[in-house]
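**Q** In mature numbering (1 follows the signal peptide of the UniProt record, and there is no 0), the protein residues as written are -33 to -1, 1 to 397.
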Amino acid sequence: MASFGKKAVVAMHVVAMAMCVMIALTQVQTVSARSTSVFSASVNHLRHGQHHDGVHPHLRTHSRKLSSLVQTPPLLVPYHSGPILSSDSEIPIYIIWYGEFSAAQRATVTDFFASFAHEADGGGEPSVRGWWKATGAYRDGSGAAVSAAVELKGEAVDDYSKGKTLSKEDVQCLVEGALASGAFPADAGAVYFVLTAEDVNVGTFCMNTCGSHHFIAPKGVTQHKQLPFAWVGNPGTKCAGRCAWPFAKPQYGPQTEPLVAPSGDVGLDGMLINIAAVLAGAATNPFGNAFFQGDASAPLEAATACAGTYGDGAFPGFPGALLVDPASGASYNAVGLNGRQFLLPALYDPTTLSCRVAYSPAIDLVVMDEGGSSSSRVDSQFVARQLGSAFVLLHEAALELGWLSFVQRSRALESWIARGGRSLHKMGLR
């Protein structure tokens, strides 16, 4: 069967599935985060989460065009002329472990940083190294890109020297102390991380931040260099719903079932998501004047511009299509050293003005034709296009027919188009 014919058949099957899904939404409020949808096809690694409930903001009885539904402007994270962490070598990483961390927790974090130099073994699985390649699209005024490599260069342990309640200034003092003692060298191209244990409070941790990055102004202890530093806290017992989602039930919104954390430690795996996000922000906006959107004191950066997005089709309450380990049930989108699995945030791509995920699945479809069955691999974005079209048509029909309960539950459609898929808008659904 010709490629066009196969896609036509696939489209019909996907539309049929979309009809079933939307009709089901009129009967139930949520869809299990681990349910599997079958549409005359074998769909690998496609996960479904709960949908938002709510009253549709524009209840109208007349027909509307798709363009009236999709109003999302292109996502922009502009360049403000400042330096990025660019060099021909790696970005050095130095870690201060503040408080009590188990050997297993420390090994998970150090394996993450070691994975930047490691390609996943076999099967073409997505890698940490591949995820970081997205930062190569960030270039400064001279055309230099963010460093392609990251390497852990040093570690230090601090046994609560400043107590269990820290300010941002305390975090900076910890870094300066490590520099003054000679534990770490002063390197303007490095990122100095302070990682705090789950019994430590830092500033507005759990209220409006899970981690942050800053810089130390030039002074004697920095050898008169401006140095980037960062902090990330373990949210395990404090605010896993805020800082370790989707491995914990969200603090606000629909109470979707949490995914299984790859390491088995919800707080630590949430911490890794935030370490990755803060690292990307520090590399692309180390001194607050490079790549960011909005107020420089509270910017949206490479990862935070794509907050909550981990896979294709993400929308609020649903992280997107992810890989699932058949043995442990853990969800992940990147593989690193020693086969370690990680869930890493999407990164904004300034060349496409969209969020780039670590893992974008191809979907195995078995399409029947007159000669028997044949297998075809279709990119997940093709399926997303067909689903988006089907959802919009059904949504319009519901409005026209006055199915108010249907319309109320189809709030998920607006969220999906406006957020999870920015990809739909990008692909021409407008």
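In this text, a Cβ means the ideal position worked out from N, Cα and C, and glycines have one as well.
Which term fits Gln308, buried or exposed, when burial requires 16 or more other beta carbons within 10 angstroms of its beta carbon?
**A** By the 10 Å Cβ count, Gln308 comes out buried.
**Q** Can the beta-carbon of Thr204 be found closer than 8 Å to that of Glu165?
**A** Taking 8 Å as the Cβ cut-off, Thr204 and Glu165 qualify as a contacting pair.
**Q** Bridge partners of Val167, per DSSP?
**A** Answer is none; Val167 lacks a bridge partner.
**Q** Please classify Gly287: is it buried, with 16 or more other beta-carbons within 10 angstroms of its beta-carbon, or exposed?
**A** By the neighbour-count rule (16 or more Cβ atoms within 10 Å), Gly287 is buried.
**Q** With DSSP as the reference, please indicate the residues paired to Gln260 in a beta bridge.
**A** Looking at the DSSP assignment, Gln260 forms a beta bridge with Leu267.
**Q** If you follow the alpha helix (DSSP H) that Val233 is part of, which residue opens it and which one closes it?
**A** Per DSSP, Val233 belongs to the alpha helix (DSSP H) from 233 to 251.
**Q** Report, in whole angstroms, the separation of the C-beta atoms of Ile51 and Val113, which I expect to be a contact under 8 Å.
**A** That belief holds up - the Cβ atoms of Ile51 and Val113 are roughly 5 Å apart, short of 8 Å.
**Q** Grab the span of the alpha helix (DSSP H) containing Arg209 for me, first residue to last.
**A** First-last of the alpha helix (DSSP H) with Arg209: 207 to 210.
**Q** Excluding five sequence neighbours on each side, which residues of the same chain lie with their C-beta closer than 6 Å to the C-beta of Val291?
**A** Contacts found: Ser298.
**Q** So what does DSSP say about Gln72, is it helix, strand or coil?
**A** Looking at Gln72 - three-state DSSP - the assignment turns out to be helix.
**Q** Does the Cβ of Ser109 have 16 or more other Cβ atoms within 10 Å, making it buried, or fewer, making it exposed?
**A** Result: exposed.
**Q** Measuring alpha carbon to alpha carbon, tell me which residue in Gln193, Phe160, Val117 is nearest Phe83.
**A** Considering only alpha carbons, the answer is Val117.
**Q** Which of helix, strand or coil does DSSP assign to Cys273?
**A** Cys273 falls in the helix class under three-state DSSP.
**Q** Cβ of Met174 within 8 Å of Cβ of Val199?
**A** In this structure, Val199 does not lie closer than 8 Å to Met174 by Cβ.
**Q** Note the first and the last residue of the continuous alpha helix (DSSP H) segment covering Glu122.
**A** Careful: Glu122 lies outside any alpha helix (DSSP H), inside the beta strand (DSSP E) at 117 to 125.
**Q** Label Gly234 either buried or exposed according to how many other C-beta atoms from any shown protein chain fall within 10 Å of its C-beta, with 16 as the threshold for buried.
**A** By the neighbour-count rule (16 or more Cβ atoms within 10 Å), Gly234 is buried.
**Q** Below 6 Å CB to CB, which residues in the same chain sit around Val161 once its five sequence neighbours on both sides are set aside?
**A** Counting only Cβ-Cβ distances below 6 Å, and skipping sequence neighbours, we find Ile63, Tyr65, Val138, Leu141, Trp198.
**Q** Straight-line CA distance for Asp107 to Gly149?
**A** Looking at the two C-alpha atoms, the distance is approximately 31 Å.
**Q** For the candidate residues Thr251, Gly278, Ser230, Val158, whose alpha-carbon lies nearest to that of Asn305?
**A** The shortest C-alpha separation from Asn305 is found at Ser230.
**Q** Would Val124 be called buried (16 or more neighbouring beta carbons within 10 Å of its own) or exposed?
**A** That one is exposed.
**Q** What residue from Pro293, Val158, Gly261, Gly255 has the CA that sits closest to Leu42's CA?
**A** Ranking the options by Cα distance to Leu42, first place goes to Gly261.
**Q** In terms of residue numbering, what span does the beta strand (DSSP E) encompassing Ala197 cover?
**A** Start and end: 194 to 200.
**Q** With a 10 Å radius around its C-beta and 16 neighbouring C-beta atoms as the bar for buried, classify His191 as buried or exposed.
**A** By the neighbour-count rule (16 or more Cβ atoms within 10 Å), His191 is not buried but exposed.
**Q** Whole angstroms is fine: what's the gap from Phe196's alpha carbon to Ile183's?
**A** Using only the alpha carbons, I get a separation of about 7 Å.
**Q** Less than 8 Å between the CB atoms is what I'm expecting for Ala145 and Thr189, so what's the real figure, rounded?
**A** Not really, about 11 Å apart at Cβ, beyond 8 Å.
**Q** Please report the straight-line C-alpha distance between Val167 and Ala270, rounded to a whole angstrom.
**A** Computed Cα separation, rounded: 25 Å.
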